[in-house]
Structure formats: structure tokens, C-alpha cells
Amino acid sequence: MISSAIVILFLHRYQMVCYALKHGVKPAAKAFHTSPTVVRKWMKRFKKDGYDGLVDLSRRPHHSPRATAQHIKDHIVNLQKKYRRLGARQVKTLENLTQAPKTIRKFWREAGVSNRRRRKKYITKRNLREIKKQFYLFQQSCEDTKDLTDIPEYWLQMKRLNLPTVQYTRREVSCGILFLGFANELSLIHATLFASYINHQLTKYKTLPDLPTYCQTDNGSEFCGSWNAKEPSAYTNTVESIPGQLHTTIFPGAHRMQADVETIHGLMETEFYEIETFTDRADFMNKANTYQLFFNLERPNTYKEHKTPWQLAQEKKPDLDKRLLMTAAVDLDALLNIYTSSLAQGGNNVLTNPFYEKSEMIWNFAGENGAEED
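For our numbering, add 4 to where a residue sits in the sequence shown, where the first one is 1.
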């Protein structure tokens, strides 16, 4: 906005130029209390540029010996493109620049690359969805546990009927395929049994591609064992028993990296635990399995083009066996009882473990206690 002082000065010069054009330079200088040189200057500018010529010109020098070289300016502009939303002070420190942060900001502003506004959350989520859509089936899976003791609607039933207190959840990232397991405690053996159960299903239905696949968890003891363990945990060894499948962990405290599986926990709390009632543990497992079937086969996902996991999985792998998505939710406590009963003491006081030899029988039992696989 032009100030009133500038407007008055502009009108004063215009009146002076008009007076000089009509009466001459010297009379105008005398009438406006200035020198003939000043009058001639404004007359010359007025004749050349019109009204715009009456505005003060920049006093900036045409050449500055201490000006930053153009190649250095270009380098600083490219640094902003590299570091994106980092500030001038941070870039100066990282790149050991001699220019002041104020100067760096000026170069960015002149080049039109100084936009550091925080990215909107919906834009971030939309971008992540586009990346996840490019994953091949089971390229990335997330697994986590949920403590069920903090749900008021479920707590009383849990105490009275001996219902599970911990939910073990595995979710495939690109399509959202869900696998559920339940137990009365959080432990490494339960997580290992759950991983072995899922491995059996993936192998049985020939689902995994001949490419690297990743199962991601947090750094909890149920997945990594003791904090000072020097060898991979039993869970890690079980996951990686399938060639090409790797167990990875998130950065400590970076819980947003588990967003896909945490979303399921929030959905099940409102869609399952807060509204369902149970008569006993078997009834709980049946209803949990029904919810898992509903989620995998019928429930459209608004963040995945309003399609179900089954529809999305078919697009990625048309020959996928549908029975994989009908895998029963598993009672890990019952599975643990089968495992421990399968242990037998061999000769010379050496414990043998025929568990893996009986695995087919065990998995079939687990499926019968949830829902039919076929």
C-alpha cells in the first residue's frame, strides 16, 4: 500500500513539471524552491517514462565487489531442493556454509523455493497409500500385540469367562489381509507359535513370491526376546525359516511405522470388543474368527479404493487361493498346550521335540477350533 507521503511527493513533482513545461525551468525552480538542475531531472524523466518516471529510482549500486558469486547462489538453491523442509540454520550447519541464515533465506526466496509449510496430514497419508499400492502381495507385513485389559466393555466378560487378555495381529500392508491370534499372556513363545501358524498357511497355499518379503514388528520382548540377547530370538528364527522372508523392527519409539496394524486395533475396539457379548472362550473364538472373515472378504476399506482385502489381493495375484484369507483365528493358549504335550523325553535323558513332525495335525486342530479352512 502506497503511503500518503509518497503520494504527496509524487503530486508535488508532477505540478512542478507541468509548471516548468508551461513557464520554463527557472521560473519553476523559483516557484517550487529548488534548483534548475532538479527541475530538468524530473522533466527529463517525465518526458521519457511518463508518470512512472516521477518515482524515485533504486539507489542500489550496479556492481558490488562483495556480492555472492552466482554459482554459490545456485548451489544454495539446490541445497533447499535437497533438504526440502529443513530451515536455513540447519542447512548452514549441515553444509558448513559461510553465508548467514538470513542470506540463505534471501537466495531461496528470490529463486521461489522457500516454501517450508508443514505438509498436511491427509497429503502424507495419500502419498503413503500410493507407495503401498505398488507393493507386491506380502512384500510387507506388520505384526503387533494389543492389551485387551483396558477396554471397559470387554473387561468384565474377560474376568468372568477367562477370555484372552492379549491379541496378536498380523496384517499384510498392500491389501490389508488380517490374521488374528489370542492368548492370556504376552510372551515370546506365543508370538513364535503365531508366526509358525501363519508360515504354515502361507506355505500351504503357495502365497509368498520368489522375492524378498518382510515381517515388521516393534522392539518388544515378545518379538526380540531379552534386551541384551546376542542371538536372534525364536520368533525371528521362525519368521526367517521361510527362505526370503525377513524379520525387521521399527526404530525405538517410532510407533507410526506400525500404523497399518494399529489401525486394526482401533477398528476392532469399536466394531468388535465394545459391542459383542460372549458366553465362553469358544464363543469368543468363533466370533473373532467371524470378524476376521468379514474383514478379509466383505468389509470395504475406504482408504483402499473402497475394496475388500480379497478384491485387492485378486488384482495382485489372480490365482490366489481364497482359503488363505479364510484362515481361522487361533487360540494360542490351546496351541501352546498341544505344543507342550508333544514334547517327549527320549533315551539317555535327552529331550526330543516331535512338534514339527506333528505340525500338520496341530494346524488342523487349530483350524477346527476356529473355522473350517475349506
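All C-beta atoms in this analysis are idealised placements derived from N, C-alpha and C, irrespective of residue type, glycine included.
Closest residue to residue i among the options (Cα-Cα distance)
{"i": "Y295", "options": "K308, Y307, D284, E280", "result": "E280"}
{"i": "Y417", "options": "R303, V11, Y201", "result": "Nothing in the structure corresponds to residue 417, since the chain is present only between 5 and 378."}
{"i": "T72", "options": "T102, Q84, K96, Q205", "result": "T102"}
{"i": "Y218", "options": "L98, H194, K210, S178", "result": "S178"}
{"i": "M261", "options": "D284, A286, Q220, L271", "result": "Q220"}
{"i": "G248", "options": "S237, L215, F255", "result": "L215"}
{"i": "F183", "options": "R133, H269, L165", "result": "H269"}
{"i": "C22", "options": "I10, F36, V11, A9", "result": "F36"}
{"i": "K208", "options": "A92, G57, D325, K26", "result": "D325"}
{"i": "E302", "options": "T252, E99, P313", "result": "P313"}
{"i": "Y18", "options": "A9, S8, W46", "result": "W46"}
Cutoff 6 Å; reference residue i; Cβ partners in own chain excluding five residues on either side
{"i": "G185", "result": "Y172, F198, V334, L336"}
{"i": "F299", "result": "L182"}
{"i": "K320", "result": "L141"}
{"i": "N203", "result": "I246"}
Start and end residues, alpha helix (DSSP H) containing residue i
{"i": "T196", "result": "192 to 208"}
{"i": "T173", "result": "Run containing T173: none in the alpha helix (DSSP H); it sits in the beta strand (DSSP E), 170 to 176."}
{"i": "M162", "result": "156 to 165"}
{"i": "K326", "result": "Per DSSP, K326 belongs to no alpha helix (DSSP H) and is neither H nor E."}
{"i": "A115", "result": "105 to 115"}
{"i": "L98", "result": "92 to 99"}
{"i": "P313", "result": "313 to 320"}
{"i": "C228", "result": "225 to 228"}
Close beta carbons around residue i, own chain, < 7 Å, minus the five adjacent residues each side
{"i": "K308", "result": "G180, L316"}
{"i": "K110", "result": "none"}
{"i": "P40", "result": "V29, K30, A33"}
{"i": "Y87", "result": "V95"}
{"i": "R44", "result": "V29"}
{"i": "N166", "result": "R285"}
{"i": "E99", "result": "L83"}
Contact set for residue i: own chain, Cβ-Cβ below 8 Å, skip 5 residues either direction
{"i": "T189", "result": "Looking at the sequence itself, residue 189 is Glu, so the reference to Thr does not match. Around E189: T169, V170."}
{"i": "E157", "result": "Y277, E278, I279"}
{"i": "P256", "result": "N223"}
{"i": "K85", "result": "V117"}
{"i": "N353", "result": "Any reading at N353 must be qualified, since the residue scores a pLDDT of 47, below 50, and its modelled position is unreliable; the value itself is stated next. Correct list: empty, nothing qualifies."}
{"i": "Y360", "result": "Its pLDDT being 43, under 50, Y360 is placed unreliably in this model, and the value from its coordinates should be taken loosely. For Y360, where only same-chain residues beyond five positions count, there are no Cβ hits under 8 Å."}
{"i": "T2", "result": "Outside the modelled stretch of the chain, which goes from 5 to 378, sits residue 2, for which no answer is possible."}
{"i": "T107", "result": "T72"}
Enclosing beta strand (DSSP E) for residue i [first to last residue]
{"i": "D78", "result": "Counting along the chain, D78 falls outside any beta strand (DSSP E), though it belongs to the alpha helix (DSSP H) covering 74 to 87."}
{"i": "Y218", "result": "217 to 221"}
{"i": "D148", "result": "144 to 151"}
{"i": "A187", "result": "182 to 187"}
{"i": "V11", "result": "Element bounds for V11: not the beta strand (DSSP E) but the alpha helix (DSSP H), 8 to 27."}
{"i": "R64", "result": "Element bounds for R64: n/a, residue is neither H nor E."}
**Asked** Looking at C-beta atoms only, is the number of pairs between the region 43 to 58 and the region 67 to 87 that lie closer than 8 Å three or more?
**Response** no
**Request:** Indicate whether the contact test is met: 3 or more Cβ pairs, each with one atom in the region 107 to 118 and one in the region 138 to 146, closer than 8 Å.
**Result:** no
**Asked** Quick check: the region 225 to 242 against the region 265 to 273, are there 3 or more CB pairs under 8 Å?
**Response** no
**Message:** So within the region 247 to 308, which uninterrupted alpha helix (DSSP H) runs reach at least 4 residues, ignoring any that extend past its ends?
**Reply:** 263 to 272, 285 to 301
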